[in-house]
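J.: Per my numbering, the sequence shown starts with residue 336, numbered consecutively. C-beta atoms are modelled at their ideal positions from N, C-alpha and C, and glycine is treated no differently. Predicted model, so just to flag it, every value in this text is computed and none were measured. Before I ask anything, here is the structure I am working with.
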Amino acid sequence: MPELVFFAGTMDCGKSTLALQIQHNRSARGLSGMIFTRNDRAGEGRLSSRLGLVTEAVEAGEGFDFHAHLVGHLTAGGRTDYVIADEAQFLSSEQVDQLACIVDDLGIDVFAFGITTDFRTRLFPGSQRLIELADRIESLQVEALCWCGARATHNARTIGGKMVVEGAQVVVGDVGGAGASGEEVGYEVLCRRHHRRRLTAATARAGALSPEVLPVDGADAPSLSRG
């Protein structure tokens, strides 16, 4: 039976790499797929991974109708055996419903890839709807690591290397905020403890902090370590 599968994880855990691997494996078996993405780091109409792999994709912007697009393609004599939707966290709830209709009405497998929560630890609308509708939810096995070496579970947004917790939910940037300068927007994956304390790699380095530093309120408060 066709399925709607949601592959979920933090940033930097290989989602886009797996999407490209699925596309490669299936195309090698003679299957024809349609790839969608939104706000990819490589630009419009591209699906890319941080390993340097890239392929063309259909840009699924705001208001894009997945189901109508597939119906039009099939009606015109095209073939689609499976669908890949990368950066699915940016989709609207209605667009995720359209992906489910592709599975149920057209009998086509849909593989969606996305981040579950934003930099404020809140669910993205697309991810929330996928959790509600998906036949299967797969947690990616490649574990991203926090700067302290612990398993990264949260996504952090940085401006000038400093973590922020306010702002628009979607601002396109990339992992590597620890090396950002000026007002450049970056992203970094952190464990829950350091996300709660707003300790990125850059701020920890600047303050010569260890993973055992206690949280202290106030920008001018002295650092305390467990003895």
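A395 to F371, Cα distance in whole Å?
T.: Each residue's alpha carbon lies about 6 Å from the other.
J.: Among V393, C481, H404, which one has its Cα closest to the Cα of H533?
T.: According to the sequence provided, residue 533 is Arg. The question's His does not apply to it. Checked all of V393, C481, H404; the closest Cα to R533 is C481.
J.: Rounded to whole angstroms, what is the Cα-Cα separation between D416 and V445?
T.: Approximately 9 Å, taken between the alpha carbons.
J.: Kindly indicate which residue of L405, Q430, A485 has the alpha-carbon position closest to the one of P460.
T.: Among L405, Q430, A485, the Cα nearest to that of P460 belongs to Q430.
J.: Strictly under 8 Å for the Cβ-Cβ distance: is D453 near chain D by that measure?
T.: Protein chains in the displayed structure number just one, and chain D is not present.
J.: Using DSSP with H/G/I as helix, E/B as strand and the rest coil, what is D432?
T.: Reduced to three states, the DSSP call for D432 is helix.
J.: Report yes if the C-beta distance between A312 and F454 is below 8 Å; otherwise report no.
T.: Look at the range of the chain in this structure, 336 to 562, and you will see that residue 312 is not part of it.
J.: If you follow the alpha helix (DSSP H) that I419 is part of, which residue opens it and which one closes it?
T.: It is not in any alpha helix (DSSP H) - I419 instead sits in the beta strand (DSSP E) that spans 417-420.
J.: Where do the N-terminal and C-terminal ends of the beta strand (DSSP E) with A447 fall, by residue?
T.: Residues 444-450.
J.: Which residue's Cα is closest to the Cα of T452: G368, A411, L441, A487?
T.: Ranking the options by Cα distance to T452, first place goes to A487.
J.: Would you mind reading off the limits of the beta strand (DSSP E) that contains E467?
T.: Segment 460-468 is the alpha helix (DSSP H) holding E467; no beta strand (DSSP E) there.
J.: Do F399 and I437 have their C-beta atoms closer together than 8 Å?
T.: Result no, Cβ atoms of F399 and I437 do not sit closer than 8 Å.
J.: Could you spell out the range, first to last residue, of the alpha helix (DSSP H) harbouring N360?
T.: That run of the alpha helix (DSSP H) goes 350-363.
J.: Give the DSSP-derived three-state secondary structure of V340 in the structure shown.
T.: In the structure shown, V340 sits in a strand (DSSP, three-state: E or B).
J.: When you compare the CB positions of G442 and P337, do they come within less than 8 Å of one another, or not?
T.: It is a contact, given that the beta carbons lie within the stated cut-off.
J.: In three-state DSSP terms, what is V500?
T.: Residue state, collapsed to three classes: coil.
J.: Any idea what DSSP makes of L525, helix, strand or coil?
T.: If DSSP states are grouped into helix, strand and coil, L525 belongs with the strands.
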